[in-house]
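Protein chains in written order, with the working numbering: chain P, 1 to 116; chain X, 1 to 114. Think of the CB as a built atom: it goes at the ideal place given N, C-alpha and C, for glycine as much as any other residue. A short worksheet on the structure shown next.
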Amino acid sequence: GAGVSQSPSNKVTEKGKDVELRCDPISGHTALYWYRQSLGQGLEFLIYFQGNSAPDKSGLPSDRFSAERTGGSVSTLTIQRTQQEDSAVYLCASSLARQGRSSPLHFGNGTRLTVT
Amino acid sequence: AQKVTQAQTEISVVEKEDVTLDCVYETRDTTYYLFWYKQPPSGELVFLIRRNSFDEQNEISGRYSWNFQKSTSSFNFTITASQVVDSAVYFCALGGAAGNKLTFGGGTRVLVKP
């Protein structure tokens with residue numbers, strides 16, 4: 001079946017502009033995650049959606065970042081008034097996470113965001 | 001809070017050598033899960049293994065093996081007889097029983113030279 005799909009694969013934007021990044025999780029996966037990976041760095045957690053529960057936003061670096069997940073499926077990560085330090089690869093993942101166990105995350109190929 | 005430390009930032013070996021990647025974790029959960037992921041130069045993250053905190057049995061899968069030691073909070077990964085295709089960044093990650101987000105280590109870059 002199809003894996004996690006992210007679009008666009010690359011995005012170049014000017015400082016101060018808003019951007020939207022899209023994630024289509026694997027069908028049937030109840031959990032969806034956004035991570036950020038800066039050049040040569042590890043994965044930084046941003047936000048996590050699980051079913052109908054309130055999202056865990058504890059990793060969002062500032063109020064310029066927000067995300068939503070519509071209908072329990074597609075998610076959009078929005079960055080407002082982008083800054084150069086926002087340049088990174090934004091990775092989306094989904095899983096069958098259920099209360100009581102951690103399931104493997106299946107990652108998309110990411111969106112490479114460059115803020116000029 | 002959960003924490004994962006991969007002390008080795010980069011390891012360079014010659015093909016056919018064995019390489020061991022260290023992973024040390026911190027958690028207050030009594031039930032937790034440990035993972036390894038591979039990120040080749042193409043960029044996609046590939047799931048390799050998941051272990052739960054109650055299963056300390058070592059595991060072998062082909063040239064890969066994992067050594068989980070709860071007493072030292074470590075979950076080390078060994079690649080035996082390394083190949084050029086093993087060149088990648090390897091991430092260790094920790095998840096709790098709540099089934100929520102994974103905490104990743106900083107990654108270890110493995111370079112296998114022919």
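Hey, out of the options, whose CA is closest to residue i's CA?
i	options	result
F54(X)	G62(X), S61(X), F47(X), F68(X)	F68(X)
T78(P)	S5(P), L60(P), G28(P)	L60(P)
N109(P)	S103(P), A88(P), L96(P)	A88(P)
G95(X)	F45(P), Q83(P), A2(P), S9(P)	F45(P)
F107(P)	E85(P), Q41(P), Y33(P)	Y33(P)
D117(P)	I47(P), Q6(P), S73(P), H29(P)	Summary: the structure shown does not reach residue 117(P), with chain P confined to residues 1 through 116, and so no result is reported for it.
N58(X)	N76(X), E44(X), F47(X), V46(X)	N76(X)
F91(X)	T114(P), G28(P), G42(P)	G42(P)
V24(X)	G106(X), A88(X), S82(X), S73(X)	S73(X)
G71(P)	T30(P), G40(P), L39(P), Q83(P)	T30(P)
Taking buried to mean at least 16 other C-beta atoms within 10 Å of its own C-beta, is residue i buried or exposed?
i	result
K57(P)	exposed
D86(X)	buried
V12(P)	exposed
K113(X)	exposed
P8(P)	exposed
D86(P)	buried
V110(X)	buried
P104(P)	buried
K15(P)	exposed
L21(X)	buried
K101(X)	buried
Which class does residue i belong to by DSSP, given the choice of helix, strand or coil?
i	result
K16(X)	coil
S65(X)	strand
E59(X)	strand
G75(P)	Correcting the residue identity first, residue 75(P) is Ser in this sequence and not Gly. Strand, per DSSP.
T72(X)	helix
T78(X)	strand
E10(X)	strand
T70(P)	helix
E14(P)	coil
D86(X)	helix
D56(P)	strand
Quick test of your reading: residue i and residue j, contact by CB under 8 Å. State the CB separation rounded to the nearest angstrom.
i	j	result
Q39(X)	T108(X)	Wrong, their Cβ atoms sit about 11 Å apart, outside the cutoff.
Q6(X)	T103(X)	No, Q6(X) and T103(X) are not in contact; Cβ-Cβ is about 12 Å, not under 8 Å.
I79(X)	R63(X)	6 Å
R69(P)	S75(P)	4 Å
V19(P)	L96(P)	In fact, because the Cβ distance is near 29 Å, the residues do not count as touching under 8 Å.
T111(P)	Q6(P)	5 Å
Y33(X)	N52(X)	5 Å
Determine, using beta-carbon pairs with one atom in the region 21-38 of chain P and one in the region 85-93 of chain P, whether at least three such pairs fall under 8 Å. yes
Inspect the CB distances between the region 11-19 of chain X and the region 47-65 of chain P and report whether three or more fall short of 8 Å. no
What are the residues of the region 23-48 of chain X that lie near chain B, defined by any Cβ-Cβ distance shorter than 7 Å? Of the protein chains in the structure, P and X, none is chain B.
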